[in-house]
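Below is one structure, written out as structure tokens; comments come after it.
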């Protein structure tokens, strides 16, 4: 829901930084992998209970996640680069809730719920992108991407804000996860409903 607004704010400085980085020979895929490494380091910090460190590293990882696209736009976008980016994003999104469960096993039920909601939401997102590609649909509402980014109640910006709140208030992980997971289920359900109206051809499969 907030991605389109966030892109308008962050894209200009990211694009300037991306052009500067591209001029040094740094590739977009290198930045993507750096962002993933930082994200996993943030998750490891959560497991160990270093939530302040986790928050700083998490924010750095999301800056890298924005910079890889900027570097790609300044050089040359590739289908593999977009594939690598979304795959690393999904690994990061799963690693953070898992880290809270590993830090405190009493978080297991809420962690399983929110991870299941991520799985459902991610499947609805990627499936929608495949159908949009088949129907030659395009959008730049969430920036210039390698695949179709369908909007929704919860998007990347909201997920990062959720993780920030978890790092600031780790003791409320269960409550926040039940709420956020429920909203993820709603987001995926609404996307599925929208797809049924837009892409239905009168067949079940």
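Residue numbers (this note's numbering): 41 to 245. Note that CB positions come from ideal geometry on N, CA and C, so glycine has one too. As the structure is a prediction and not an experimental result, all values here were calculated from the model.
Alpha carbon to alpha carbon, how far is residue i from residue j?
i	j	result
residue 223	residue 132	19 Å
residue 134	residue 155	6 Å
residue 159	residue 228	10 Å
residue 48	residue 56	14 Å
residue 211	residue 225	23 Å
Could you pull the start and end residues of the alpha helix (DSSP H) that residue i belongs to?
i	result
residue 209	No alpha helix (DSSP H) contains residue 209, which DSSP labels as neither H nor E.
residue 138	119-143
residue 236	213-239
residue 168	148-174
residue 70	68-87
Less than 8 Å between the C-beta atoms of residue i and residue j, yes or no?
i	j	result
residue 217	residue 153	yes
residue 95	residue 208	yes
residue 91	residue 171	no
residue 175	residue 86	no
residue 213	residue 150	yes
residue 168	residue 235	yes
residue 102	residue 200	yes
For the putative contact between residue i and residue j, defined by C-beta atoms under 8 Å, what is the C-beta separation to the nearest angstrom?
i	j	result
residue 113	residue 58	6 Å
residue 73	residue 97	In fact, because the Cβ distance is near 15 Å, the residues do not count as touching under 8 Å.
residue 60	residue 115	Actually they do not touch by this definition, with Cβ atoms about 12 Å apart.
residue 54	residue 78	Not really, about 16 Å apart at Cβ, beyond 8 Å.
Count the CB pairs spanning the region 104-112 and the region 154-169 that are closer than 8 Å, and state whether there are at least three.
The region 104-112 vs the region 154-169: no contact.
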